[in-house]
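A.B. asks:
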Amino acid sequence: MRVSFTLNGTVTQAEVPPGTTLMELLRGLGAVSVKDGCARGDCGSCAVLLDGRAVTACLLFAGQVEGRQVRTAEGLADEVGLHPLQQAVLDAGGVQCGFCTPGILMAAVDLLDRIPDPTEAQIREGLAGNLCRCTGYVKIVDGIRDAAAMLAATGRTTDGEEAGDG
Ligand code: FES
Ligand code: FES
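The sequence shown begins at 413 in the numbering used here and counts up by one.
1) So, with DSSP's three-state summary, where would you put R366?
2) How about T547 and Q508: do their beta carbons lie closer than 8 Å?
3) Kindly examine ligand 1 and report whether one of its heavy atoms sits closer than 7 Å to the Cβ of S457.
4) Apart from the five residues just before and just after T432, which ones in its own chain have a Cβ nearer than 6 Å to its Cβ?
5) Considering only heavy atoms of ligand 2, list every residue whose Cβ is less than 5 Å from one of them, following chain order.
6) Taking the alpha-carbon positions, what's the T531 to P496 distance?
7) Does the beta carbon of M589 fall short of 7 Å from some heavy atom of ligand 1?
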């Protein structure tokens, strides 16, 4: 079957066998930030944004993204450098093995788009579907809070747009 969708801003088409998951589709297209941690919706390491909301790519079929917008961690950094969320989580010491990091970043983008100034409890709730076996979450939460403060201070959204641009 043929799937046509937008991946990190680029119109993308792929031919996949029926039953292919979104995780398999994205990894096959080179978006290897989408990690196969459990393939059954338990770990969040495959989280991506589908039309701006975090979803577990292992639980969706490739055909479900037809005509839709998908964003992976590959779409966070730009030519200038790391996305503020990536930099803040890194600076806070929230990356050890890094396996969970892309999924956590995408869950955090979803969170900050909905709640630009989240409390610690809201950050932890936003990460409830993401398992990290290394850091104990404290530094990850610190990094997300730092990123929220930095975005607010610079008046930017997670897309790099000026807040209020829509
Ligand atoms: S690989 Fe999708 S939730 Fe674990
Ligand atoms: S940094 Fe290793 S699983 Fe999170």
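For each residue, glycine too, the CB sits at the ideal point set by N, CA and C.
C.D. replies: In brief:
1) Nothing about residue 366 can be read from this structure; the chain reaches only from 413 to 578.
2) yes
3) yes
4) A474
5) Q508, C509, F511, C512, C544, R545 and C546
6) 18 Å
7) Outside the shown range of the chain (413 to 578) lies residue 589, about which nothing can therefore be said.
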